[in-house]
Ligand code: FPP
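Residue numbers (the numbering used here): 146 to 374.
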């Protein structure tokens, strides 16, 4: 969800104003995704690197997150949306962690779209955690190192049990992954747009999905093989 800061600066407003309007985009995209039948939507809300931002911006973002979770809980439950969190929750402020855990618990039996919030998330640190956990299991004799497979690595990530993403959208004009779902995105279709996140609304989301549908996903095969399959 990139581009909030620049969107605000271009309007001579504080960066936090961009994040605030960005929350309106979050609402609209979550609602649209759930409406059109997206099974899993993951929003990269705060990275492990975002702690390096000015303290005011970090606390402003945490405040927005808390009020979003509080105000949207009912709507999520009404729309049968199950909230999950990707990332280590230990570093989040205690009040945000508590609201988040409550929202995750309250929506745990919802059967509709899964909404993953990536918070204090970093792809490399996620992989490091998985490697450590598997090494520990090997040492304890509950995992055989020779039996470690791609599937067992996936099973040790925050997204365990979920399929890999099909489409990865980055707003705000940057062309990089910024440590997002590094393992899971190996075959995701990448969609980069100049549009800043606060301006990324229903129509822009539908445009991205339309572009996705025009792509041919070959997974290493030839185009002829894909057409014949
Ligand atoms: C990146 O834009 C955006 C973020 C680091 C925060 C995104 C958070 C929200 C939209 C609000 C809270 C989240 C939820 C789910 C309610 P940037 O600040 O890096 O923009 P810039 O590149 O233009 O500076």
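No residue lacks a Cβ here, since even glycine has one placed at the ideal position from N, Cα and C.
Alpha helix (DSSP H) segment containing residue i, residue limits
i, result
"residue 356", "347 to 359"
"residue 156", "Neither: residue 156 is in no alpha helix (DSSP H) and is coded neither H nor E."
Limits of the beta strand (DSSP E) - the one that residue i falls within
i, result
"residue 334", "334 to 337"
Those residues which DSSP pairs with residue i across a bridge
i, result
"residue 263", "189, 231"
Coarse secondary structure for residue i, derived from DSSP in three states
i, result
"residue 237", "coil"
"residue 269", "helix"
"residue 147", "coil"
"residue 366", "coil"
"residue 256", "coil"
"residue 374", "coil"
- Message: If we require 4 or more residues per run, which alpha helix (DSSP H) segments fall completely within the region 165 to 231?
- Response: Entirely contained in the region 165 to 231, the alpha helix (DSSP H) runs reaching 4 residues are, in chain order, 200 to 223.
- For the region 221 to 232 against the region 251 to 270, are there 3 or more C-beta pairs whose distance is under 8 angstroms? In short, these stretches touch, since the Cβ pair count reaches three.
- What are the uninterrupted segments assigned as beta strand (DSSP E) that are 3 or more residues long and contained completely in the region 280 to 348, given in chain order? Counting only runs of 3 or more, we get 312 to 315, 334 to 337.
- Contact between the region 328 to 337 and the region 198 to 211: three or more CB pairs below 8 angstroms? Counting C-beta pairs closer than 8 angstroms gives fewer than three between the region 328 to 337 and the region 198 to 211, which falls short of the contact rule.
- Segment contact flag, the region 336 to 350 with the region 304 to 322, C-beta cutoff 8 angstroms, min 3 pairs: They touch, by the three-pair rule.
- Message: With a threshold of 8 angstroms, are at least 3 pairs of Cβ atoms found where one atom belongs to the region 217 to 227 and the other to the region 196 to 206?
- Response: In short, these stretches do not touch, since the Cβ pair count stays below three.
- Message: Quick check: the region 243 to 253 against the region 268 to 282, are at least 3 beta-carbon pairs closer than 8 angstroms?
- Response: Contact fails: fewer than three Cβ-Cβ distances are below 8 angstroms.
- Message: So, does the region 173 to 185 touch the region 345 to 356, judging by three or more C-beta pairs under 8 angstroms?
- Response: When C-beta atoms of the region 173 to 185 are compared with those of the region 345 to 356, three or more pairs fall below 8 angstroms, so the two segments count as touching.
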